[in-house]
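Participant: According to my numbering, numbering within the sequence shown proceeds without interruption in unit steps and concludes at 270.
For glycine and all other residues, C-beta sits at the position ideal for the given N, C-alpha and C.
A quick note: this is a predicted structure, and the numbers were derived from the prediction, not measured.
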Amino acid sequence: MKILFDQGTPVPLRKYLTDHSVTTAYEEGWSNLSNGDLLKAAENKGYQILVTTDQNLRYQQNLSERQIAIVVLLSTSWPKIRTEVDKVCSVINATNLGDYQEISII
């Protein structure tokens, strides 16, 4: 799948998603886009999953008509996410277009 990481998603997670094509919003030149514009740009460029740490995204955007799947990591801490990387990868691998998933990180 074609995956986009937003600004808050720890980049080291990328190396665990080797079956996917992963790009960051920064690499696309989209670091300054608002959430709505980022979602639109990602969909227009064919991204299938947005991985974000923005827990307010579902309250700020109408996601019901979006094709892109959204996976929200409930932590920005790479050391914490790294301990749950298998769970994170499993959720991402099982995600379908249009899904909204939140992953609790302990």
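Flag this pair as yes or no: are the beta carbons of Asn-199 and Leu-177 separated by less than 7 angstroms?
Facilitator: Within the sequence shown, residue 199 is the residue found at index 35, counting from 1. Within the sequence shown, residue 177 is the residue found at index 13, counting from 1. For Asn-199 and Leu-177, no; Cβs fall outside 7 angstroms.
Participant: If we ignore side chains and look at the alpha-carbon of each, how far apart do Val-255 and Gln-224 end up?
Facilitator: Here residue 255 refers to the residue found at position 91 when the sequence shown is read from its first residue. Here residue 224 refers to the residue found at position 60 when the sequence shown is read from its first residue. Those two C-alpha atoms are separated by around 23 angstroms.
Participant: My output table needs one value for Glu-238: the three-state DSSP class, helix, strand or coil.
Facilitator: Here residue 238 refers to the residue found at position 74 of the sequence shown. For the record, residue 238 in the displayed sequence is Leu; it is not Glu. Coil, per DSSP.
Participant: Would you grab the beta carbon distance between Asp-170 and Asp-218 for me? Rounded to a whole angstrom, and I think it's under 8 angstroms.
Facilitator: Taking the sequence shown and counting its residues from 1, the one referred to as residue 170 is at position 6. Taking the sequence shown and counting its residues from 1, the one referred to as residue 218 is at position 54. 7 angstroms between Cβ atoms; contact.
Participant: Sort Arg-246, Ile-245 and Asn-257 by Cα distance to Ala-233 and report the nearest one.
Facilitator: The residue labelled residue 233 in the question sits at position 69 within the sequence shown. Checking every option, the nearest Cα to that of Ala-233 belongs to Asn-257.
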